[in-house]
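Each residue of the sequence shown is one higher than the last, beginning at -15 in the numbering used here.
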Amino acid sequence: MSSLPVPPATPLPQASPSLCSEDEVMRLVHDFYARVREDPRLGPVFTEHVADWPGHLAQLVDFWSALLRGTRRFQGSPMSKHMAIDAMDRDLFDRWLALFRLTTAECGNTEMQRLADDIAVRIAGTFWKRYQMLRWPTVALPVIGSAG
Ligand code: HEM
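Now the structure itself:
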């Protein structure tokens, strides 16, 4: 029972307008999705599902603004949209997170980076676990704390 995560030694910052600006959120989202679109595996998934890129980016800016700055513009249903995507796999989530961390590392705002990375890994883990439960309900998931 020793492999469960422990709380970070330095508490995470809270979402707040003082954590980062709307411009910083916008830059994070735009730079990240520019990378995603160039990725050989992630790019085609987005090409298949996203017809209106300006609209998608605006939606994602609202999403991250809510999580990092506490704004209330975001209205969406991320869980159901991701569950509807066929051919999701662990490698896609790993790539998504690697590109996200690459982008937050460049944002020049360490506290924003810490909170964004933490939220991203939690949501990605939740999506992936839920996806597996919905798509392969009879396959046993790995025990909590082990890889996978
Ligand atoms: C394997 C990883 C992922 C893939 C391939 C992926 C792909 C997509 C695609 C194709 C859409 C557009 C869906 C549509 O409009 O029908 C979308 C929307 C979205 N994604 Fe992801 N995504 C991934 C991970 C994540 C993670 C980890 C987060 C959050 C931390 C996230 C947040 C969102 C949000 C907020 C939307 C908009 C939802 C809405 O409009 O209601 N995605 N994603």
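Every residue gets a Cβ at the ideal spot worked out from N, C-alpha and C, and that includes glycine. Remember, it's a predicted structure, so these values are computed and weren't measured experimentally.
C-alpha distance - residue i paired with residue j, whole-angstrom precision
i	j	result
T94	D78	22 Å
T88	D101	7 Å
M63	A(-7)	30 Å
G60	R119	22 Å
D73	W112	8 Å
S5	V20	23 Å
Q97	R85	8 Å
A71	K65	13 Å
D15	V9	10 Å
A108	R114	10 Å
L(-12)	P38	40 Å
C91	D46	18 Å
F58	M117	27 Å
8 Å Cβ cutoff met for residue i and residue j
i	j	result
L99	R53	no
L26	L81	no
L41	Y17	yes
W48	V13	yes
D23	L83	yes
L44	I103	no
V34	I69	no
Residue span of the alpha helix (DSSP H) that contains residue i, given as start and end
i	result
S49	W37 to R53
Reduced DSSP category for residue i - H, G, I as helix; E, B as strand; rest coil
i	result
A89	coil
D23	coil
V105	helix
D70	coil
P121	coil
S61	coil
V9	helix
V29	helix
L134	The structure shown does not extend to residue 134, since the chain is modelled only from -15 to 132, so the question has no answer here.
R56	coil
Check: residue i C-beta below 7 Å from any heavy atom of the ligand MG
i	result
F47	Here the bound small molecules are the ligand HEM; the ligand MG is not part of this structure.
From the options, residue whose alpha carbon lies closest to that of residue i
i	options	result
S0	T31, R114 and R56	R56
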